[in-house]
Amino acid sequence: MRTHKTLSVAAGGFVAALMMSAGAPLAQQHGYSADQIAEGRKLYDANCGRCHNNDGAGVPGVELFKQIRRGTTDDDVAKLVQTGIPGTSMPPHSFSTPQALAVVAFMRSMVGVTPASAAAAGGTRSVSATSGDPARGRAIFTGKGGCNGCHLAERAGGTVGPDLSAAGAIRNFGFGPIPPDVLALERAIVDPNAEMPPDYRVFQVTLKSGMVVRGMLLNQDTFSVQMHDQAKNLRSFQKSELKDHGFLPSAMPSYQGRLTPQEVADVVSYLLTLKG
Amino acid sequence: MRAFGNWKLGVGSCLSILVLALFTAHAQQPVTSDRILNAVKEPQNWLTYSGNYNGQRYSTLDQITPANVHNLNLEWVFQVRSLGAADKFEATPIVADGVMYTVSPPNDVVALDAVTGRQFWRYNHNVAPAARVCCGRVNRGVAILGNSVFMGTIDGRVVALNAKTGAVEWNVAIDRPEAGYSITVAPLVVKDKLIVGPAGGEYGIRGYILALDPKTGKELWRFYTIPAPGEPGSETWSGEAWKRGGGPIWVTGSYDADLNLMYWGVGNPGPDWNGDGRPGDNLYTDSVIALDPDTGKLKWHYQFTPHDEFDYDATQIEVLADIAYEGQTRKVLLTANRNGVFYVLDRATGQFLKATPFAKVNWVNGWDAKGRPNRVLAPTPEGTLVYPNNQGATNWYSPSFSPRTGLFYIPTWADTFSVYRKTPGPNAVPFTEGQFFTGTFPTMALPPMVGGATNTRLPRDGYGSIQAVDPQTGERKWEFKMNDVTDSGVLSTATDLVFAGGREGYFFALDARTGSLLWRSMVGGQVASGPMTYAVNGRQYVAVSAGNNLFVYALRQ
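Protein chains in written order, with the numbering used here: chain A, 5 to 280; chain B, 26 to 582.
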């Protein structure tokens with residue numbers, strides 16, 4: 005039992021959205037326990053995450069973190085999980101009804117979570133890199149993908165983007181050896197904006213006069229910005245004199261759709277062979 | 026620093042300050058517990074951590090106003106010993122009759138002339154090498170009673186000093202520093218007792234609240250925040266987990282003399298991020314407990330985060346206020362919890378009245394009528410994304426409540442997240458005395474604490490703010506946003522000013538009713554303490570510890 009009136013305000017709209025979209029039907033139909041949600045999460049991760057991602061953002065137009073559009077009651081949604089949606093790529097699943105409801109419980113619990121954060125925080129699931137072929141990946145890297153136009157690997161390639169010569173190396177950092185992050189490599193290919201290396205982030209300010217200055221952010225606070233411009237001049241601006249300021253999107257294109265999931269896996273497999 | 030250019034004191038004014046200092050020295054009276062109880066009657070002094078037993082950090086001093094606050098001038102600076110990278114200057118000074126007492130980290134006490142900043146005396150505590158602290162060598166300040174000043178130390182001791190000379194009156198070991206017991210809290214004086222407790226929630230301690238005899242340091246009573254088998258609350262533990270269950274005490278409690286109850290926030294259970302070895306709610310971790318100060322007996326408790334696996338210590342200031350609530354005046358306890366939720370409780374009974382998230386929160390989706398949260402998330406092997414982050418939507422940073430505006434002011438880390446991972450199983454986190462007993466450290470997007478480029482921080486990582494919440498409705502009335510987060514406390518005044526700061530190094534004054542910025546000063550180091558105000562000879566001062574310094578401001582004369 006929950007007292008909804010206590011939750012109805014503040015919290016940047018997030019909680020409000022949570023309560024409106026998730027809380028009301030939940031309360032009316034099923035009170036889910038933390039265990040049920042955890043169970044649902046396991047089932048979701050094993051069966052749904054491959055397409056929907058573990059943050060619900062995997063299928064364009066079906067953003068599970070925003071809302072569950074098909075089916076108004078939890079029972080409807082559970083049935084849909086069991087039967088699939090004919091005419092779409094949503095297949096049927098051999099869940100029992102309690103299992104399907106647990107999946108719904110987990111889906112309800114993630115409504116409102118920011119997917120970019122979830123992706124950035126780790127754990128995006130799409131293709132398993134272990135299924136990739138390094139030789140094919142190498143061919144894509146220098147061929148269809150054109151990755152070597154900007155990235156260095158095996159002593160060849162461009163220097164505009166991060167050097168990938170040791171992308172597959174085990175690094176020692178702080179507490180011990182850190183193996184290469186397969187999911188992060190995959191994400192960097194299909195969603196380059198999700199996690200840009202800080203040194204490659206381009207900051208741009210637009211003055212009220214319309215003048216634009218780009219470069220590297222050195223410092224920032226509530227009232228001012230300090231940066232290198234492209235000529236490495238040290239510049240400082242009061243935010244009150246700016247029309248706009250912020251990071252530009254990555255110069256790297258997304259390979260979502262340009263490469264097939266198998267090709268992405270191939271490239272990742274290739275990157276894992278690069279030990280520097 | 027620009028303000029130094031404003032030192033225009035000639036010989037004459039130096040002399041007059043000297044005369045005034047002499048005058049105030051003569052006016053010094055022992056700080057009795059009655060004086061602390063009636064602190065509101067002497068707003069020129071700041072006699073306990075929050076200024077008053079009610080924890081409101083509200084001052085009736087009215088010389089500095091929205092109209093003249095832009096004339097604030099830096100009067101003096103006190104520099105502490107150079108701090109280590111993780112250390113912070115968190116103390117709120119005590120001011121009694123023109124003398125300021127504060128703690129220079131890690132554990133040196135100074136008595137300063139509150140007008141000039143010149144030092145009267147200094148006590149240097151040699152910290153035992155065995156001392157273990159999770160999060161920097163910090164101390165939140167001293168307590169005063171009679172002619173004695175009291176400090177807890179990070180090597181698990183409490184020291185009493187003569188307020189006039191700094192001479193040691195007693196120095197007692199409270200617990201074993203090698204086992205992770207440290208004291209960072211500013212002690213609380215209630216009647217004839219000195220109340221303290223140990224930090225160490227990351228070391229598998231078993232926490233407690235302790236009453237000492239201020240004259241001798243002798244223990245008078247002890248309340249364990251983790252009950253032993255057979256005691257009430259022990260049913261929320263299993264096996265041996267209670268022995269290292271955490272429940273540290275590291276932020277000063279508040280006190281209601283009419284109800285004769287003290288309110289203390291209790292810290293996290295151990296291990297922090299893996300609850301598999303401690304099934305159950307784990308009382309009284311992450312709870313507020315109401316204790317009889319005479320006996321240490323528990324009157325009631327309310328647990329904000331049962332079976333916590335997100336390090337949501339309840340070590341926030343419990344603010345006591347009498348407000349109109351649903352048509353009647355009620356004695357309430359207001360607190361903004363690290364878990365992202367603002368709570369209103371009846372402080373006589375502990376009855377749950379209201380819970381309202383004040384930042385992005387996804388670990389809970391509601392409360393039952395008794396106030397039990399419906400927790401929907403837990404750490405997982407693959408990682409669970411949780412709002413707010415491990416530092417919380419707020420933390421030990423003192424909030425403020427203004428009875429004039431009726432608003433509650435919260436230093437906020439807005440919309441931050443952590444990813445919590447754990448290896449399941451009751452024995453997944455091994456315990457070794459004196460070593461971290463936490464589980465897997467969660468990911469956090471944190472700004473650098475000591476300089477460095479900030480392009481590692483993105484808009485999705487959240488922001489800092491001072492926000493005003495109406496306790497009657499839970500509604501946010503205004504929000505002053507900062508680019509970076511804040512570890513600053515808040516001070517409100519009878520002229521409807523709100524003072525606060527942030528990690529960026531600004532100390533500023535806001536309009537208490539609108540949140541608009543009225544004045545700011547760049548202090549060059551993060552504000553990680555609660556601002557306070559006092560007056561000497563009719564002149565009002567505002568003081569704040571930031572970076573390696575204590576900054577004191579007054580209106581330009």
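We put the CB at the ideal spot given by N, CA and C, even for glycine.
Next on the checklist: Three or more C-beta pairs under 8 Å: does that hold for the segment 341 to 349 of chain B against the segment 389 to 403 of chain B?
Outcome noted: no
Spatial distance of Val272(A) from Val313(B) (CA atoms): 51 Å
Comparing C-alpha positions only, which one of Asp347(B), Lys506(B), Arg269(B) and Thr448(B) sits nearest to Glu458(B)?
Arg269(B)
Check your understanding: Identify the residues that DSSP records as bridge partners of Met507(B): which are they?
Key -> Gly489(B)
Exercise. Alpha carbon to alpha carbon, how far is Tyr204(A) from Val366(B)? Give it in angstroms, no decimals.
Key: 37 Å
- Query: Going by alpha carbons, who is nearest to Asn362(B) out of Lys356(B), Ala384(B) and Gln353(B)?
  - Reply: Ala384(B)
(Q) Counting only Cβ pairs nearer than 8 Å, list the residues of chain B close to Gln208(A). (A) In chain order: nothing, as chain B lies at least about 12 Å away.
Please list, in chain order, the residues of the segment 226 to 247 of chain A that have any C-beta partner in chain B closer than 7 Å. Residues are counted here when their Cβ sits less than 7 Å from a Cβ of chain B; for the segment 226 to 247 of chain A these are Thr226, given in chain order.
- [ ] Within 10 angstroms of the Cβ of Lys322(B), are there 16 or more other Cβ atoms? Answer buried if so, exposed if not.
- [x] By the neighbour-count rule (16 or more Cβ atoms within 10 Å), Lys322(B) is not buried but exposed.
Can you list, in chain order, the residues of its chain whose CB lies under 7 Å from that of Ala156(B), leaving out five sequence neighbours each side?
-> Contacts found: Ile179, Asp180, Pro202 and Ser207.
Please list the residues of the segment 510 to 536 of chain B that have a C-beta atom closer than 8 Å to any C-beta atom in chain A, keeping them in chain order. Gly527, Glu529, Gly530 and Tyr531
Glu256(B), buried or exposed, once every other Cβ within 10 Å from all chains shown has been counted against 16 | exposed
- Task: Output the distance between the C-alpha atoms of Asn293(B) and Thr463(B), rounded to the nearest integer angstrom.
- Result: 10 Å
Notebook entry, point to check: How long is the line joining the alpha carbons of Trp392(B) and Gly290(B), rounded to whole angstroms?
Noted result: 20 Å
Ranges of the beta strand (DSSP E) found wholly within the segment 241 to 323 of chain B, counting only runs of at least 3: 244 to 249, 279 to 281, 286 to 290 and 312 to 316
**Asked** Unbroken beta strand (DSSP E) runs of length 3 or more, entirely within the segment 368 to 408 of chain B: which are they?
**Response** 377 to 382, 389 to 392 and 398 to 400
Output needed for Phe48(B): all residues of its chain with C-beta closer than 6 Å, excluding positions within five of it in sequence on either side, in chain order.
Any reading at Phe48(B) is ruled out, since the residue's pLDDT is 47, under 50, leaving its predicted position unreliable.
Any beta carbon of chain A sitting closer than 8 Å to that of Leu483(B)? yes
- Message: Looking at the strands, I want to know which residues DSSP matches up with Gln565(B).
- Response: In the DSSP assignment, Gln565(B) forms a beta bridge with Ala560(B).
**Between the CA atoms of Tyr578(B) and Ala136(B) - distance to the nearest angstrom** = 18 Å
Can you find at least 3 beta carbon pairs, one from the segment 168 to 179 of chain B and one from the segment 117 to 126 of chain B, that sit closer than 8 Å? yes
TODO: Flag this pair as yes or no: are the beta carbons of Leu86(B) and Pro68(B) separated by less than 8 Å?
DONE: yes
Worksheet item: Which chain B residues are close to Ile41(A), counting only those with a beta carbon under 9 Å from its beta carbon?
Response: Val401, Leu402 and Ala403
Please report the distance separating the alpha-carbon of Met200(A) from that of Asp225(A). 21 Å
8 Å Cβ cutoff met for Leu246(A) and Leu211(A): yes
Same chain, Cβ closer than 7 Å to Ser423(B), five either side skipped, listed in chain order: For Ser423(B), where only same-chain residues beyond five positions count, the Cβ hits under 7 Å are Ser75, Arg82, Ile342, Gly514, Val515 and Gly555.
By DSSP, does Arg231(B) sit in helix, in strand, or in coil?
strand
- Task: Leaving out five residues on either side along the sequence, give the residues of the same chain with a beta carbon under 8 Å from the beta carbon of Ala22(B).
- Result: The structure shown does not extend to residue 22(B), since chain B spans only 26 to 582, so no value can be given for it.
Minimum C-alpha distance to Gln460(B) - residue among Gly80(B), Cys159(B), Pro406(B) and Asn149(B):
Cys159(B)
Buried or exposed: which applies to Val193(B), given that a residue is buried once 16 or more other Cβ atoms fall within 10 Å of its Cβ? exposed
Exercise for the section: Reducing DSSP to helix, strand and coil, say where Gln460(B) ends up. Expected result: DSSP places Gln460(B) in coil when its eight states are reduced to three.
Checklist entry - How is the alpha helix (DSSP H) around Pro102(A) delimited, first residue to last? => result Thr101 to Met114
Nearest CA to the CA of Pro467(B): which residue from Pro406(B), Ile491(B) and Tyr488(B)? That would be Pro406(B), whose Cα lies nearest to the Cα of Pro467(B).
- Task: With Lys91(B) as the anchor, note down where its beta strand (DSSP E) starts and where it stops.
- Result: A small fix is needed here, since residue 91(B) is Pro in this sequence, not Lys. Membership of Pro91(B) in any beta strand (DSSP E) is not indicated, and neither H nor E is assigned to it by DSSP.
Review point. Taking 8 Å as the CB-CB limit, is Arg45(A) close to chain B?
Key: Among the CB atoms of chain B, one or more fall inside 8 Å of the CB of Arg45(A).
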